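> Before I ask anything, let me first share the structure, which is written out below as C-alpha cells.
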Amino acid sequence: MWRPMRRRAALILLASAAFCVALAPLLREYVFPRVVAKTLASDEAYRVTTFTADNVTLVGDPRGPGRGKATIVRTIRPDAKASDGGTVVWDVGLVVTNSAGTVVTRIPERYAFDAVTGNPDDCCAESVDGKPVAHVGVGDKWPYFVRKRAYHHFDPYTGTAAPIDYRGTEKFHGLTVYRFTQDVPWTLGSAPRLPGGIDAAQIEQAGMERWFTLTRTILVEPVTGTPVYEEERRTEELRTPHPEDPANPGRFVLFDGQVAMTAASSDDLVADAKGQKAWLLFLHDRLPLGLVAAGLLLLAAALLTEYRGRRAARAEEATPDASPGEGADGRPVEADDTLVLSAVPAARADDG
Numbered sequence: 016m017w018r019p020m021r022r023r024a025a026l027i028l029l030a031s032a033a034f035c036v037a038l039a040p041l042l043r044e045y046v047f048p049r050v051v052a053k054t055l056a057s058d059e060a061y062r063v064t065t066f067t068a069d070n071v072t073l074v075g076d077p078r079g080p081g082r083g084k085a086t087i088v089r090t091i092r093p094d095a096k097a098s099d100g101g102t103v104v105w106d107v108g109l110v111v112t113n114s115a116g117t118v119v120t121r122i123p124e125r126y127a128f129d130a131v132t133g134n135p136d137d138c139c140a141e142s143v144d145g146k147p148v149a150h151v152g153v154g155d156k157w158p159y160f161v162r163k164r165a166y167h168h169f170d171p172y173t174g175t176a177a178p179i180d181y182r183g184t185e186k187f188h189g190l191t192v193y194r195f196t197q198d199v200p201w202t203l204g205s206a207p208r209l210p211g212g213i214d215a216a217q218i219e220q221a222g223m224e225r226w227f228t229l230t231r232t233i234l235v236e237p238v239t240g241t242p243v244y245e246e247e248r249r250t251e252e253l254r255t256p257h258p259e260d261p262a263n264p265g266r267f268v269l270f271d272g273q274v275a276m277t278a279a280s281s282d283d284l285v286a287d288a289k290g291q292k293a294w295l296l297f298l299h300d301r302l303p304l305g306l307v308a309a310g311l312l313l314l315a316a317a318l319l320t321e322y323r324g325r326r327a328a329r330a331e332e333a334t335p336d337a338s339p340g341e342g343a344d345g346r347p348v349e350a351d352d353t354l355v356l357s358a359v360p361a362a363r364a365d366d367g
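Residue numbers for the sequence shown, in our numbering: 16 to 367.
Spelled out as C-alpha cells, the structure:
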C-alpha cells in the first residue's frame, strides 16, 4: 500500500518543482513587461514636473537680460488607447513662462517607447510641435534597471539627441542614484518653436539659424529608471550663417541661464521611485529566484521520497514470509501449539 502512495507523492513533488522552475523565467520575460507597460500607460504615470531659472536672459521677459525668471512645466499624460502591448504612448507638454507669467514657449510632444528598455518606437504619430519626429535615445522615460554606461538623450527643444555619460553613483535623499552628464558644444539645431512669439518661418526666411549649447545633469534611480533630479546650463542663440562677419553681423540671444528642478517636484519623484522600487525588485528578481529555490527544494524532496520508497520495497522483498499458517479449525496456529501437536502422536505410540 505504501509503495504506490510514495510513488504518487514523488510524482506530485516533481511536477511542482518543474512548474516553479518554468514559471520563474516566464515572470521576467512575459509578466514583468506587461505589468510595467500597463502601469506606464495608466493614469498612475500622469506627472507634472516644474523647473525654475532665476537671473536669466529670456527673450520677451520684462525684467530685461540677465534679470528674468523662467518657469518650465513639463506634463506627462499617458494615452492608454494608443498604447499597445509593450509600447507606451505619452503626450508630453512643455510650457515656459517668464517673470510676468506670460507663456513664451509651448511645445507639445508625442512620445512612443518600449516600456522596459525605454527605446523609442517609431509609431503612433510621434511628433514635436505637431511635426513628425523620430525620437532617438532616452527621453522622459529611462529604461528599467539602468546600466552604468552612456546613453543618447533626446532634447525636445531642438529635436536632436546627444550622448549622456555615466559619471558615478551617489546618494540623493536616501536613494541610490546614477549621475549622468551631457555636454553639448555649440550645435546647429531645429527650432520647433521659439520663445517670445518669434515665428520660426520668418526666422528661416531672414536667413537666421538656431544654435544651442548646454551642460545637463540628471540623477536617475536605476531600478525604476526615474529621473529624480535634473539641472542644466543652456544657451540658445539666433545667428546669421556668418555671425562674426562684420559685413553680415547677426547674433541674438534667445535664452541663457541655469535651469533646475524644484525641490517639491524632486521630492515627489523620489517618493515615487522608492515606492515602485520594492515591488519591481520583487516581481523581476526576488519572486523568480524564490520560485527557482522552491523548485530545487521540491526536486530534492521528490528524489528523497522516491529513494525511500525504493529502499522500503527492497526491504519488503528481502524479508521471508514468517506466517505460521492456520489450524484445522481455521484459527491461526501459534508456535507453542505446533510443538504440542507434534508431541501427541509420540505419546500415543508409547501407550500401545
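Glycine included, C-beta positions come from ideal geometry on N, C-alpha and C.
All of these numbers come straight from a predicted model, not from anything done at the bench.
1. With distances taken from CA atoms, which of Val243, Val119, Thr320 and Val238 is nearest threonine 132?
2. Measure the C-alpha to C-alpha separation of glutamate 59 and threonine 86 and round it to an integer number of angstroms.
3. Would a C-beta distance cut-off of 8 angstroms place valine 307 and leucine 190 closer than the cut-off?
4. What are the boundary residues of the alpha helix (DSSP H) that leucine 229 is part of?
5. Are the CB atoms of alanine 187 and tyrosine 244 nearer to each other than 8 angstroms?
6. Can you give the Cα-Cα distance for arginine 194 and glutamate 185, rounded to whole angstroms?
7. Can you say whether valine 355 is buried or exposed, counting buried as having 16 or more other CB atoms within 10 angstroms of its CB?
8. Drop a sphere of 10 angstroms on the beta-carbon of glycine 240, count the other beta-carbons inside from all chains shown, and report buried for 16 or more, exposed for fewer.
9. Just reading off the alpha helix (DSSP H) that leucine 42 is part of, what are its end residues?
10. With distances taken Cα to Cα, identify the nearest neighbour of lysine 53 among Tyr172, Leu73, Lys292 and Val103.
11. In chain order, what residues of the same chain lie with their CB nearer than 6 angstroms to the CB of arginine 231, ignoring the 5 residues before and after it?
12. Out of Gly290, Phe270 and Phe160, which one is the CA nearest neighbour of aspartate 69?
13. Quick check: what's the CA-CA separation for phenylalanine 66 versus glutamine 220?
14. Checking 8 angstroms against the spacing of the C-beta atoms, do arginine 249 and arginine 266 come in under that value?
15. Quick one, are the C-beta atoms of proline 93 and serine 142 less than 8 angstroms apart?
16. Can you tell me whether valine 119 is buried or exposed? The criterion is at least 16 other CB atoms within 10 Å of its CB, across all chains shown.
17. Just the C-alpha distance for valine 235 and glycine 116, rounded to the nearest angstrom, thanks.
18. What are the boundary residues of the beta strand (DSSP E) that threonine 112 is part of?
19. Over what stretch of residues does the alpha helix (DSSP H) that includes lysine 289 continue unbroken?
20. For alanine 176 and glycine 100, I'd like the C-alpha separation in whole angstroms.
21. Count the other CB atoms within 10 Å of the CB of alanine 288; is the residue buried (16 or more) or exposed (fewer)?
22. Within this structure, are the beta carbons of glutamate 124 and valine 107 separated by less than 8 angstroms?
23. If you draw a straight line from the alpha carbon of proline 80 to that of asparagine 113, how long is it in whole angstroms?
24. For alanine 130, count neighbouring C-beta atoms within 10 Å of its own C-beta (all shown protein chains included) and say buried if the count is 16 or more, exposed if not.
25. Determine the contact status of alanine 7 and cysteine 139, defining contact as a CB-CB distance below 8 angstroms.
26. For leucine 73, collect the residues of the same chain with a Cβ closer than 6 angstroms to its Cβ; drop the 5 residues on either side in sequence, then sort them by chain order.
27. Starting from lysine 53, trace the alpha helix (DSSP H) both ways and give me its first and last residue.
28. Using CA atoms only, rank isn't needed, just tell me which of Tyr45, Thr64, Ile27 and Phe47 is closest to aspartate 282.
29. Where does alanine 343 fall in DSSP's three states?
30. Please name the residue or residues paired with glutamate 185 in a DSSP beta bridge.
31. So, under 8 angstroms CB-CB, leucine 42 and proline 303 are touching, yes? Tell me the CB distance rounded to an integer number of Å.
32. Return helix, strand or coil for valine 88, following the three-state DSSP convention.
33. Using CA coordinates, which residue listed in Lys146, His167, Arg121 and Pro147 is at the minimum distance from asparagine 134?
34. Would you say proline 200 and glutamate 224 are within 8 angstroms of each other, going by their C-beta atoms?
35. Taking a contact to mean a Cβ-Cβ separation below 8 angstroms, would you say proline 147 touches leucine 109 in this structure?
36. Under 8 angstroms, do valine 71 and glycine 272 count as touching if we go by C-beta distance?
Let me lay it out:
1. Counting from 1 along the sequence shown, the entry for residue 132 is found at position 117. If we check each option's Cα against that of threonine 132, Val238 comes out closest.
2. For the purposes of this step, residue 59 is identified with residue 44 of the sequence shown, where counting begins at 1. For the purposes of this step, residue 86 is identified with residue 71 of the sequence shown, where counting begins at 1. Spanning the two alpha carbons is a distance of roughly 25 angstroms.
3. Position 292 of the sequence shown, counted from the start, is the residue given in the question as residue 307. Position 175 of the sequence shown, counted from the start, is the residue given in the question as residue 190. Going by C-beta atoms, valine 307 is not nearer than 8 angstroms to leucine 190.
4. Numbered from 1 along the sequence shown, position 214 holds the residue referred to as residue 229. Taken as a continuous stretch (DSSP letters only), leucine 229 belongs to no alpha helix (DSSP H), being part of the beta strand (DSSP E) at 224 to 236.
5. Position 172 of the sequence shown, counting from 1, holds the residue named residue 187. Position 229 of the sequence shown, counting from 1, holds the residue named residue 244. Inspection of the sequence shows that residue 187 is occupied by phenylalanine rather than by alanine. Taking C-beta atoms as the reference points, phenylalanine 187 and tyrosine 244 count as a pair closer than 8 angstroms.
6. Indexing the sequence shown from 1 puts residue 194 at position 179. Indexing the sequence shown from 1 puts residue 185 at position 170. For arginine 194 and glutamate 185, the distance between alpha carbons rounds to 7 angstroms.
7. Numbered from 1 along the sequence shown, position 340 holds the residue referred to as residue 355. Unreliable placement is indicated for valine 355, whose pLDDT of 45 sits below 50; the coordinate value is still reported in the next sentence. Counting Cβ neighbours within 10 Å, valine 355 comes out exposed, since fewer than 16 surround it.
8. Counted from its first residue, the sequence shown places residue 240 at position 225. The residue is buried, with at least 16 neighbouring Cβ atoms inside 10 Å.
9. Residue numbering aside, residue 42 sits at position 27 when the sequence shown is read from its first letter. For leucine 42, there is no enclosing alpha helix (DSSP H), as DSSP marks it with neither H nor E.
10. Taking the sequence shown and counting its residues from 1, the one referred to as residue 53 is at position 38. Proximity to lysine 53 across Tyr172, Leu73, Lys292 and Val103 peaks at Val103, based on C-alpha coordinates.
11. For the purposes of this step, residue 231 is identified with residue 216 of the sequence shown, where counting begins at 1. Same-chain partners within the cutoff: Gln197 and Glu247.
12. Your numbering for residue 69 matches position 54 in the sequence shown. Looking at the Cα atoms, Phe270 is the closest of the given residues.
13. Translated into the one-based positions of the sequence shown, residue 66 becomes position 51. Translated into the one-based positions of the sequence shown, residue 220 becomes position 205. Rounded to whole angstroms, phenylalanine 66 to glutamine 220 spans 33 angstroms at the Cα level.
14. Here residue 249 refers to the residue found at position 234 of the sequence shown. Here residue 266 refers to the residue found at position 251 of the sequence shown. No, these two residues do not count as a Cβ contact at 8 angstroms.
15. Translated into the one-based positions of the sequence shown, residue 93 becomes position 78. Translated into the one-based positions of the sequence shown, residue 142 becomes position 127. Going by C-beta atoms, proline 93 is not nearer than 8 angstroms to serine 142.
16. By one-based count along the sequence shown, residue 119 stands at place 104. It counts as buried.
17. Your numbering for residue 235 matches position 220 in the sequence shown. Your numbering for residue 116 matches position 101 in the sequence shown. Roughly 30 angstroms separates the two Cα atoms.
18. Walking along the sequence shown from the start, residue 112 turns up at place 97. DSSP places threonine 112 inside the beta strand (DSSP E), whose first and last residues are 102 to 112.
19. On the sequence shown, position 274 is the one that residue 289 refers to. Where lysine 289 is concerned, the enclosing alpha helix (DSSP H) stretches over 278 to 296.
20. Locating residue 176 in the sequence shown gives position 161, counting from the first residue. Locating residue 100 in the sequence shown gives position 85, counting from the first residue. In this structure, the alpha-carbon of alanine 176 lies about 26 angstroms from that of glycine 100.
21. Along the sequence shown, read from residue 1 onward, the residue named residue 288 stands at position 273. Buried, since its Cβ has 16 or more Cβ neighbours within 10 Å.
22. On the sequence shown, position 109 is the one that residue 124 refers to. On the sequence shown, position 92 is the one that residue 107 refers to. Yes, these two residues count as a Cβ contact at 8 angstroms.
23. Counting from one through the sequence shown, the residue named residue 80 turns up at place 65. Counting from one through the sequence shown, the residue named residue 113 turns up at place 98. Taking the Cα positions, proline 80 is about 12 angstroms away from asparagine 113.
24. On the sequence shown, position 115 is the one that residue 130 refers to. With 16 or more Cβ atoms within 10 Å of its Cβ, alanine 130 is classed as buried.
25. Within the shown structure, residues of the chain are numbered from 16 to 367, placing residue 7 beyond reach of any answer.
26. Position 58 of the sequence shown, counted from the first residue, corresponds to residue 73. So the list reads Gly83, Ala85, Asn113 and Phe270, once near-sequence residues are dropped.
27. As a first step, residue 53 is located in the sequence shown; it is residue number 38 there, counting from the start. Secondary structure note for lysine 53: its alpha helix (DSSP H) is the uninterrupted segment 47 to 55.
28. Your numbering for residue 282 matches position 267 in the sequence shown. Aspartate 282 has its Cα closest to that of Thr64, out of Tyr45, Thr64, Ile27 and Phe47.
29. As a working mapping, residue 343 is identified with position 328 in the sequence shown. Residue placement at alanine 343 is flagged as unreliable, the pLDDT there being 48, under the threshold of 50; the coordinate-derived value follows with that caveat. In the three-state scheme derived from DSSP, where H, G and I count as helix and E and B as strand, alanine 343 is classed as coil.
30. Stepping through the sequence shown from its first residue, residue 185 is reached at position 170. In the DSSP assignment, the residues bridged to glutamate 185 are Val192.
31. Locating residue 42 in the sequence shown gives position 27, where the first residue counts as 1. Locating residue 303 in the sequence shown gives position 288, where the first residue counts as 1. Leucine 42 to proline 303, Cβ: 5 angstroms. Contact.
32. The sequence position of residue 88 within the sequence shown is 73, counting from 1. Strand at valine 88.
33. In the sequence shown, counting from the first residue as 1, residue 134 sits at position 119. For asparagine 134, the nearest C-alpha among the options comes from His167.
34. The residue given as residue 200 occupies position 185 in the sequence shown. The residue given as residue 224 occupies position 209 in the sequence shown. The Cβ-Cβ distance between proline 200 and glutamate 224 does not fall below 8 angstroms.
35. Here residue 147 refers to the residue found at position 132 when the sequence shown is read from its first residue. Here residue 109 refers to the residue found at position 94 when the sequence shown is read from its first residue. In this structure, leucine 109 does not lie closer than 8 angstroms to proline 147 by Cβ.
36. Sequence index remark: in the sequence shown, residue 71 carries index 56 (1-based). Sequence index remark: in the sequence shown, residue 272 carries index 257 (1-based). Yes, Cβ-Cβ distance for valine 71 and glycine 272 is below 8 angstroms.
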